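Here's the structure, in structure tokens; my notes come after.
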Amino acid sequence: MFNSPSHQDCAARARSWQSAPRAKPPLAARISASAGFTLIEFMVGLTIGLVVVAGALSWAGQSLAAQVRQRRSWQLHQELRAIASQLQMELRRAGAHGRPSQLVWRADRGASANPFTEISASGGGWSGASSGTSSSAGSSGGNLGSSGTLRLNRALDRDITQPDASTEVTFRWLDGRLDQTIGGRFQPWTDPALMQISGFSASVHRVPHPLGPPCAPAVETRTVQVLLQGQSTQDPKIQQQLGLSVHVRNDPAPIASPDPALAGGCP
């Protein structure tokens, strides 16, 4: 015969079930029940992160490109300054005589004119429009020419009293470079692989200064003005101009003589 459990048995079983440890829920149930990001939130966060990274990379690229342009512009400026320094040195020596004492009048032998005073400039221009620059003698644009020369004479040896191939110095602008005569032959002065000379202009300004009355002889002062334009070979957009003005020291002067008629003075 089936005996139903007593009230005491049911209470004991209830107490044992409550005190027994409960099994943990499955892993999927625990993950879904815990706090976290949804798929939409994850995609929004990923998009924002990508935008921030793209902006940082773009800024870094622009900063690096600006630094490279600045370095190339500085190199171009230094190259032009080196050329201008050499030109200035040669122009200041223009007209130098090997024996300057022969140019001074003396009663026993007279005097002779300085044969090294000739200086000339021809041609010149710009192979393209100038775009942004550092200039101290003005700027010019347009296709005005593709070649130019600046020619002078000077004697560096005391035994040289007449011009020859060794005393003539010519600077030539041709095919984007500057050449200089060395030993009577043109030698490249600049490297087109590093810098293109896109503009060259030279002019000689002569000013006479009378030594006395209107019919008296005059001393002629000469000023040479040179304007250079360089262009970076690596970045043609980088261009700079540099100008210099040099007063030639050895000015042509009349032969001094105590007789005004011999000296070109008034009769």
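Just so we're aligned, residue -1 is where the sequence shown starts under our numbering, counting upward by one.
C-beta atoms are modelled at their ideal positions from N, C-alpha and C, and glycine is treated no differently.
For clarity, every value in this text was computed on a predicted model and none was experimentally measured.
Where residue i falls, given that 16 or more other Cβ within 10 Å makes a residue buried
{"i": "A200", "result": "buried"}
{"i": "R69", "result": "exposed"}
{"i": "S71", "result": "buried"}
{"i": "E77", "result": "buried"}
{"i": "L150", "result": "buried"}
{"i": "F169", "result": "buried"}
{"i": "R204", "result": "exposed"}
{"i": "F114", "result": "buried"}
{"i": "V102", "result": "exposed"}
{"i": "G57", "result": "The question names Gly, but residue 57 is Trp in the sequence shown. So W57 counts as exposed."}
{"i": "T188", "result": "buried"}
{"i": "I180", "result": "exposed"}
{"i": "M87", "result": "exposed"}
{"i": "R37", "result": "It is worth fixing the name first, because residue 37 is Leu in this sequence and not Arg. Under this definition L37 is an exposed residue."}
{"i": "V222", "result": "buried"}
{"i": "Q237", "result": "buried"}
{"i": "A54", "result": "exposed"}
{"i": "A92", "result": "buried"}
{"i": "H95", "result": "buried"}
{"i": "M41", "result": "exposed"}
{"i": "G122", "result": "buried"}
Reduced DSSP secondary structure (H/G/I, E/B, other) of residue i
{"i": "L142", "result": "Residue placement at L142 cannot be trusted, given a pLDDT of 39 that sits under 50; what the coordinates show is reported in the next sentence. It is coil, neither helix nor strand."}
{"i": "Q232", "result": "coil"}
{"i": "T115", "result": "coil"}
{"i": "P273", "result": "Residue numbering for the chain in the displayed model covers -1 to 265; residue 273 lies beyond these limits and cannot be assessed."}
{"i": "T45", "result": "helix"}
{"i": "V222", "result": "strand"}
{"i": "R79", "result": "helix"}
{"i": "L154", "result": "coil"}
{"i": "R247", "result": "coil"}
{"i": "D257", "result": "Reliability fails at D257, whose pLDDT of 47 lies under 50, so the model's placement of it is uncertain and the value that follows must be treated cautiously. Looking at D257 - three-state DSSP - the assignment turns out to be coil, as it is neither helix nor strand."}
{"i": "S128", "result": "Residue placement at S128 is poorly supported in this model, since its pLDDT is 42, which falls under 50; the coordinates still yield a value, given next. In the structure shown, S128 sits in coil (DSSP, three-state: anything other than H, G, I, E or B)."}
One or two residues paired with residue i in a DSSP bridge
{"i": "G93", "result": "Per DSSP, none; premise fails for G93."}
{"i": "A64", "result": "DSSP output for A64 lists no bridge partner at all."}
{"i": "T147", "result": "S120, R170"}
{"i": "L240", "result": "L226"}
{"i": "A216", "result": "P208"}
{"i": "R316", "result": "Outside the modelled stretch of the chain, which goes from -1 to 265, sits residue 316, for which no answer is possible."}
Check your understanding: If you scan the region 166 to 213 from start to end, which runs of the beta strand (DSSP E) of 3 or more residues do you find wholly inside it?
Key -> With a minimum length of 3 residues, the continuous beta strand (DSSP E) runs that stay inside the region 166 to 213 are 166 to 172, 175 to 180, 183 to 186, 193 to 208.
Check your understanding: On the three-pair Cβ rule with 8 Å, is the region 77 to 95 touching the region 59 to 66?
Key -> With fewer than three CB-CB distances shorter than 8 Å, the region 77 to 95 does not count as touching the region 59 to 66.
Check your understanding: Does the region 158 to 168 come close enough to the region 31 to 51 to have 3 or more Cβ pairs within less than 8 Å?
Key -> With the rule of 3 Cβ pairs closer than 8 Å, the region 158 to 168 does not count as touching the region 31 to 51.
Check your understanding: Is there contact here, the region 220 to 227 with the region 180 to 199, by at least three beta-carbon pairs under 8 Å?
Key -> Yes, the region 220 to 227 touches the region 180 to 199.
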